[in-house]
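Count along the sequence shown from 1, add 896, and you get the number used in my numbering.
The beta-carbon is built from N, C-alpha and C at its ideal position, and this holds for glycine as well.
Computed from a predicted model, the values in this text were never measured in an experiment.
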Amino acid sequence: MNQYRNSKQRENILSYIKSVKTHPTANVIYDVMKLDFPNLSMGTVYRNLQILSDQGEITKLDFGSTFDHYDGYTKEHSHFVCTSCQKVYDIQVDFPKREQVQKTTVHQIKGSLIRYYGLCQDCMKKMKGEN
Ligand SMILES: [Zn+2]
Ligand SMILES: [Zn+2]
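Encoded structure:
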């Protein structure tokens, strides 16, 4: 029974993360899940997020000083982070394939992390509006 409820919660968390492009934080996920599971605890959310990222269903994006964001789009891609509102956007550009880069080094490459930052479109609009 308990087991069932837990996996149901995990299913909902996963489908929520996969359904949005916003790279939600655990707090946002918790608030959304609360609507369906009023007794849900933050610890359960974290535990499920950990399981899902261990399974490779989602990617945990570590942004150092700010909260971790979770990404349902697990193909290799890059991110743009707004330094004003902290929103995270996907960026699609072609990078050299991992195998190509692997040929250039004796080290074992497991992934890559390319991150862009600056002002997002929304924040630029807001700034223009203030002038
Ligand atoms: Zn912004
Ligand atoms: Zn992403």
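Next on the checklist: Does the structure place the stretch 967–974 close enough to the stretch 904–924 that three or more beta carbon pairs sit under 8 Å?
Outcome noted: Yes: at least three Cβ pairs fall under 8 Å.
Item to check | Check whether E857 and L1009 have beta carbons under 7 Å apart | outcome: Because residue 857 is not part of the residues shown, which for the chain are 897 to 1027, the question remains open.
Checklist entry - If you pair each beta-carbon of the stretch 999–1017 with each one of the stretch 971–991, do three or more pairs fall below 8 Å? => result The stretch 999–1017 vs the stretch 971–991: in contact.
Checklist entry - Does the separation of the CB atoms of N935 and R906 fall below 7 Å? => result For N935 and R906, no; Cβs fall outside 7 Å.
Next on the checklist: Measuring only the C-alpha atoms, how far is Y942 from I925?
Outcome noted: If I take the Cα positions, the gap works out to 10 Å.
Checklist entry - To which residues does DSSP link C978 through a beta bridge? => result C978 pairs with G1014.
Checklist entry - If you draw a straight line from the C-alpha of N908 to the C-alpha of K1006, how long is it? => result Going from the Cα of N908 to the Cα of K1006 covers about 29 Å.
Item to check | C1016 versus S980, T1000, K1024 and Q998, residue with shortest Cα-Cα distance | outcome: Ranking the options by Cα distance to C1016, first place goes to S980.
Next on the checklist: What does the alpha-carbon distance come out to for the pair V1002 and P992?
Outcome noted: Their Cα atoms are separated by approximately 17 Å.
Item to check | One or two residues paired with I987 in a DSSP bridge | outcome: BP columns for I987 point to S974.
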